[in-house]
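Chemist: Got a structure here, written out as structure tokens. Questions coming.
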Amino acid sequence: MTTTPRLAMSYIVSSQAQKEVTHNEALNDLDFLTQPSVLSTTLAAPPASPSTGDAYIVAASATDAWEGYDGCLAAYYGGWVFKTPQTGWVVWAQNLSQVLYYTGAAWALLSTPKLNGSCTWTPGTVADGAGVLSSTITVSGAAFGDFVLVSAPYDLQGVVASAYVSAADTVSISLSNTTGASVTFASGAWSVRVIKA
Numbered sequence: 212m213t214t215t216p217r218l219a220m221s222y223i224v225s226s227q228a229q230k231e232v233t234h235n236e237a238l239n240d241l242d243f244l245t246q247p248s249v250l251s252t253t254l255a256a257p258p259a260s261p262s263t264g265d266a267y268i269v270a271a272s273a274t275d276a277w278e279g280y281d282g283c284l285a286a287y288y289g290g291w292v293f294k295t296p297q298t299g300w301v302v303w304a305q306n307l308s309q310v311l312y313y314t315g316a317a318w319a320l321l322s323t324p325k326l327n328g329s330c331t332w333t334p335g336t337v338a339d340g341a342g343v344l345s346s347t348i349t350v351s352g353a354a355f356g357d358f359v360l361v362s363a364p365y366d367l368q369g370v371v372a373s374a375y376v377s378a379a380d381t382v383s384i385s386l387s388n389t390t391g392a393s394v395t396f397a398s399g400a401w402s403v404r405v406i407k408a
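Per my numbering: the sequence shown = residues 212 to 408.
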């Protein structure tokens, strides 16, 4: 019997007896593969008392009914059904409260790419109404339009710190003082995080 190319669901063929079995199996496959949500990604053996519709990503070195299905999606519908993931499949992992995607070789965390950088900077005295700019920080991959967060090594005493991509692969930190008085800062390790737009 032939199957669909992506989800490997069995086609109903002409003159097939008990077509409802094939149809119902396909509905179960769609039930757990459409907007999939798995209970866990860490189990290597099936749970003792699964409920209908429970789904898992099978952990490495699987045993018992899951043996040989490492990394596959497993769902329980009166028996275990397994699907081999394809590159790009996305799953919500309830035990991690995170979205995972299949790289083609393994499940990985789906996240917004972040680039980090740091520098040692001594802002010195910043007069009221004035600003000061750091020397540039090299952050490979930073580009115009990316979001930049900055972390100060001490209390900024009301001075506003911001950071931005000032050139390709380059971030600058800006301090702006509107506190009504001069503020003096010592040397410290400043961190920036670029979030790709």
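Just so it is clear, CB atoms sit at the ideal spot from N, CA and C, and this is done for glycine as well.
For the beta strand (DSSP E) containing W291, name the first residue and the last one.
Modeler: 291-294
Chemist: Which class does T214 belong to by DSSP, given the choice of helix, strand or coil?
Modeler: strand
Chemist: Mind pulling the beta strand (DSSP E) runs of 3 or more residues that sit fully within the region 227-310?
Modeler: 266-268, 284-287, 291-294, 301-304
Chemist: So what does DSSP say about S225, is it helix, strand or coil?
Modeler: coil
Chemist: Suppose the cutoff is 7 Å on Cβ atoms and the five residues either side in sequence are ignored; what does the same chain contact list for S377 look like?
Modeler: Counting only Cβ-Cβ distances below 7 Å, and skipping sequence neighbours, we find T347, S383.
Chemist: If you follow the beta strand (DSSP E) that F358 is in, where does it begin and where does it stop?
Modeler: 358-362
Chemist: Start and end of the beta strand (DSSP E) containing F396?
Modeler: 394-396
Chemist: Alpha carbon to alpha carbon, how far is G315 from G299?
Modeler: 7 Å
Chemist: Taking just the CA atoms, how far does D240 sit from K294?
Modeler: 9 Å
Chemist: Using only the alpha-carbon positions, how far apart do P247 and W303 sit?
Modeler: 6 Å
Chemist: So, do the region 224-234 and the region 251-259 have three or more beta carbon pairs nearer to each other than 8 Å?
Modeler: Under the three-pair Cβ rule at 8 Å, the region 224-234 does not count as touching the region 251-259.
Chemist: Short of 8 Å in beta carbon distance, which residues of its chain neighbour T263, apart from the five on each side in sequence? Order them along the chain.
Modeler: Y287, Y288, G289
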